[in-house]
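Line by line, the protein sequences are chains A and B. Every letter in the first sequence is one number past the one before it in this note's numbering, and letter 110, counting from 1, is 112. Every letter in the second sequence is one number past the one before it in this note's numbering, and letter 28, counting from 1, is 466. Right, one structure below, let's go through it.
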Amino acid sequence: MNVGILQFPGTNCEYDTQYAFEMLGCRTNIIWHQETTIADTIDLLVIAGGFSYGDYLRSGAIARFSPIMSAVQKHAASGKKILGICNGFQVLTESHLLPGALKRNESLHFISKHHHLKVAATNNSFLHKMSQDAIVNIPIAHHDGNYYIDPESLETLYRNDQVLLHYCDQHGKPQNPNGSVDSIAGICNKEKNVFGLMPHPERAMEHLLGSSDGRLMLEGLLST
Amino acid sequence: MKAIVNISLKAGVLDSQGKAVHHALDALNFSGVNDVRVGKQIVLELHDTDAKHAKEQVTQMCESLLANTVIEDYEIEIMA
């Protein structure tokens with residue numbers, strides 16, 4: 003499996019993401035945002051976390067117009083898989099590859115800690131290795147993670163099983179760290195090839211670092 | 439020609455910053471405030487000399503980059 007990892011000025015999770023996918027046996031390429039093509043050999047494209055363009059204007063708003071982004075749109079349209087983690091999720095909503103938007107956390111604080119998540123849908127090529135309602139422990143680290151979507155579009159998300167993950171406590175009860183609608187932590191597009199989440203599975207690959215729950219999530223993307 | 443763009447969260451979208459400022463004003467005993475909305479202002483200096491054309495251009499800028507119309511509204515003021 004070949005994994006391409008996008009790098010914008012201000013991206014800071016590209017090497018963690020590379021480490022995680024190489025640990026899973028993938029070949030990886032870091033793709034600078036000034037590139038205009040994504041090689042056909044890339045099976046999975048990951049938009050890594052960080053602070054692209056310093057989060058100026060809005061998180062992800064300026065990265066969206068980087069030269070590489072038209073190739074990203076093509077990659078998505080061809081049905082190939084894209085995963086956006088944290089700032090990558092923000093870039094995907096700003097690019098309209100995923101519905102909704104990510105607002106400033108309700109507390110106005112930057113939040114950096116481990117948080118539990120509950121799996122809401124497994125009939126997709128990201129979370130198919132996990133069980134429905136499984137509870138996992140994955141770090142979050144964001145200032146703008148407050149997912150917003152209008153009520154009508156939210157219904158559509160649920161109808162199509164596009165809501166993937168909810169924030170919860172260790173027992174699976176809803177617990178909302180940032181004010182997201184319905185405590186939503188991750189979603190996918192209708193075609194189920196573009197995935198976005200605020201938590202960082204690439205930071206939960208080893209017991210030594212507090213959790214290895216991210217492995218099963220990322221492994222899901224590797225089956226064709 | 440100058441364009442002033444005011445961007446704010448749509449009505450119905452919770453404005454956490456506005457709420458925090460409102461609380462702070464209450465704490466300072468400014469009791470006459472019913473609601474606070476925090477937005478941002480972007481000032482553009484334009485080559486344009488035609489106000490109508492300038493407004494069209496700035497509208498396109500707002501729709502594509504300056505505002506996220508999923509959560510934000512924008513108002514444009516063109517000044518000579």
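Positions of the beta carbon are idealized from the N, C-alpha and C atoms, including for glycine. Keep in mind it's a predicted model, so treat the numbers as computed, not measured.
- Near chain B, meaning a CB-to-CB distance below 9 Å, the residues of the region 48-71 of chain A are Leu59, Arg60, Ala63, Ile64, Arg66, Phe67.
- Scanning chain A for C-beta atoms nearer than 9 Å to the C-beta of Leu503 (chain B) yields Leu59, Ala63, Ile64, Arg66, Phe67, reported in chain order.
- The C-beta of Val474 (chain B) comes no closer than 8 Å to any C-beta of chain A.
- When secondary structure is reduced to three states using DSSP, Leu447 (chain B) falls in the strand class.
- Under the 8 Å criterion on CB atoms, Gln455 (chain B) is classed as interfacial with respect to chain A.
- Annotation: the region 159-195 of chain A contains the following complete segments of the beta strand (DSSP E) (minimum length 3 residues), in chain order: 165-170, 186-190.
- Spanning the alpha carbons of Ser68 (chain A) and Thr38 (chain A) requires a straight line of approximately 9 Å.
- In the structure shown, the three-state DSSP call for Met219 (chain A) is helix.
- Assigned with DSSP and collapsed to three states, Lys105 (chain A) falls in strand.
- For Gly102 (chain A), the neighbours in chain B by C-beta distance under 8 Å run, in chain order, Val508.
- Proximity of Glu96 (chain A) to chain B, defined by a Cβ-Cβ separation below 8 Å, is satisfied.
- In the displayed model, Ala78 (chain A) falls within a helix according to three-state DSSP.
- Going by DSSP, Lys131 (chain A) is part of no beta strand (DSSP E) at all; its letter is neither H nor E.
- Close partners of Ala458 (chain B) in chain A (Cβ separation under 8 Å): Leu110.
- The alpha-carbon separation between Leu211 (chain A) and Ala489 (chain B) amounts to approximately 58 Å.
- The secondary-structure analysis by DSSP pairs Asn31 (chain A) across a beta bridge with A:Gly6.
- Annotation for His491 (chain B): the continuous alpha helix (DSSP H) segment containing it runs 489-499.
- Residues of the same chain with a CB within less than 6 Å of the CB of Cys28 (chain A), apart from the 5 flanking positions on each side, are Met3, Val5 in chain order.
- In the DSSP annotation of this structure, Gln36 (chain A) is not part of any alpha helix (DSSP H), being labelled neither H nor E.
- In this structure Leu224 (chain A) does not touch Leu85 (chain A) by the C-beta definition: roughly 11 Å separates them, more than the 8 Å allowed.
- Membership of Asp464 (chain B) in any beta strand (DSSP E) is not indicated; the residue belongs instead to the alpha helix (DSSP H) covering 454-465.
- Residue contact check for Val443 (chain B) against chain A: no CB pair falls below 8 Å.
- Check the Cα spacing between Gln455 (chain B) and each of B:Lys448, B:Val476, B:Lys440, B:Ala462: the tightest is with B:Val476.
- In the DSSP assignment, Met25 (chain A) falls within the unbroken alpha helix (DSSP H) covering 16-25.
- Scanning its chain for C-beta atoms nearer than 6 Å, with the 5 sequence neighbours on each side dropped, one finds around Ile49 (chain A) the residues Leu8, Gly86, Gly90, Val93, in chain order.
- When secondary structure is reduced to three states using DSSP, Asp57 (chain A) falls in the helix class.
- Counting C-beta pairs closer than 8 Å gives fewer than three between the region 117-133 of chain A and the region 439-447 of chain B, which falls short of the contact rule.
- Contact check between the region 453-468 of chain B and the region 490-510 of chain B: fewer than three CB pairs, one atom from each, fall below 8 Å, which does not count as touching.
- In the three-state reduction of the DSSP assignment, Val93 (chain A) falls in the helix class, which pools H, G and I.
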